[in-house]
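In this text, residue positions in the sequence shown follow the UniProt record's numbering: the first is 1, and each later residue adds one.
Structure, as structure tokens:
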Amino acid sequence: MDVDTMRDEFESNTEWRIRCQFLEMNADSLPYDRLVCLSRCFVNMTVYGCSYPTLVMSEVRARSKGLIEAVEAGKKAKAVEEYSKTFVKSS
């Protein structure tokens, strides 16, 4: 399955990068329709804070194999970087 052909025209680069990782990790273990559905849930959960029924949330977490934590760590690092830019540095 060619994951690169699965990008939606409305996805930002950030959304696609995250979803692509999920797709690649699970492409060989799920039927196409389920893979697409769970990958979109994954992006919605990690980027937008959406929630789903407990079984869906559990399956996405189990299939993310640490990606959720990596995305959260990246968001935290970016927030720290942006926050540090707000301070005026003396010369």
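We put the CB at the ideal spot given by N, CA and C, even for glycine.
At the C-beta level, Ser-39 and Leu-55 stay beyond 9 Å of one another.
DSSP, read as helix, strand or coil, puts Cys-50 in coil. Within the UniProt domain "XRN2-binding (XTBD)" (3 to 91), the complete alpha helix (DSSP H) segments of 4 residues or longer fall at 13 to 26, 32 to 48, 54 to 64 and 67 to 84, listed in chain order. Contact between the stretch 78 to 90 and the stretch 46 to 61 is not established, with fewer than three Cβ pairs separated by less than 8 Å. Met-6 is not a Cβ neighbour of Val-43, given a cutoff of 9 Å.
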